[in-house]
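Set out below in structure tokens:
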């Protein structure tokens, strides 16, 4: 069995890969929690793996804690996956390939394996990322903006009058709100949905074909619901990309 671990900015997700079959995703929030206890709970639920692959964008502290936990409990040296120039049919657009976030890289690899043709790959979490792929797997580049919670927190943390007026606790999916709390939250989600639609249009203009849209991330559901374009939610897209890397036996392919 191969254990796959995806460490995001706020959550750690994992799944088991057995004979090419990926288990259901499990997760816990690691930011602000007792990481040692949480990792111990994860380990209790997992059999001893032959290999462990880790993709991390959550920072050095959680990575170090996870690596140490794997070494201590299972005596396995984890493989730390990073973006490369090319892997699993995807060609990285970055001039310095390793500087592309590994979560984005793996999401694109998984998306390429799932769907033919042009793709728009979206992840909505602490940050929102949008990446384009052509039919050959060539990465068109991407964008990164604050996710819905971070966008709201930034506005509330850098204003006085708006923050004081945001006294409600509910919002809808409509664009226009009749109270400040809703105006902030609904505005953030609609702004993100509009950026996704703009990216879809840009990919279509560039490639002269409309892309299929795959969307993932812990905050994706309410943003995705606002899209006018068709889309598919894939909650474990990064772990699926890790599974592709694990099955291929190598992160980078020869040109």
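In this note's numbering, the protein residues as written are 819 to 1073. Backbone N, C-alpha and C fix where the C-beta goes; we use that ideal spot for every residue, glycine too.
* Starting from residue 834, trace the beta strand (DSSP E) both ways and give me its first and last residue. => For residue 834, the enclosing beta strand (DSSP E) covers residues 829 to 836.
* **beta strand (DSSP E) runs wholly inside the stretch 865 to 940, at least 3 long, in chain order** => For the stretch 865 to 940, whole beta strand (DSSP E) runs of length 3 or above, ordered along the chain, are 869 to 874.
* How close, in whole Å, do the beta carbons of residue 1059 and residue 958 come, if the pair is a contact with beta carbons under 8 angstroms? -> Rounded, the Cβ-Cβ distance is 18 angstroms, inconsistent with contact.
* To do: Kindly give me the distance between the Cβ atoms of residue 830 and residue 845, rounded to whole angstroms, as I take these residues to be in contact under 8 angstroms.
  => Yes, residue 830 and residue 845 are in contact; Cβ-Cβ is about 7 angstroms, under 8 angstroms.
* To do: Decide if residue 944 is buried, meaning its Cβ has at least 16 other Cβ atoms within 10 Å, or exposed.
  => It counts as buried.
* Give me the Cα-Cα distance between residue 908 and residue 955, rounded to the nearest whole angstrom. => About 4 angstroms.
* Going by C-alpha distance, which of 889, 1017, 878, 883 is nearest residue 949? -> When the alpha-carbon of residue 949 is set against those of 889, 1017, 878, 883, the nearest one is in 1017.
* Asked: Start and end of the beta strand (DSSP E) containing residue 1008?
  -> Looking at the DSSP string, residue 1008 is not in any beta strand (DSSP E); the run it does join, the alpha helix (DSSP H), is 998 to 1025.
* To do: Could you have a look at residue 1030 and say whether DSSP puts it in helix, strand or coil?
  => Residue 1030: strand per DSSP, three-state reduction.
* What are the boundary residues of the beta strand (DSSP E) that residue 948 is part of? -> Per DSSP, residue 948 belongs to the beta strand (DSSP E) from 945 to 951.
* Is the beta carbon of residue 1020 within less than 6 angstroms of some heavy atom of the ligand SAH? -> As presented, the structure is devoid of all ligands, the ligand SAH included, so that no description of it is given.
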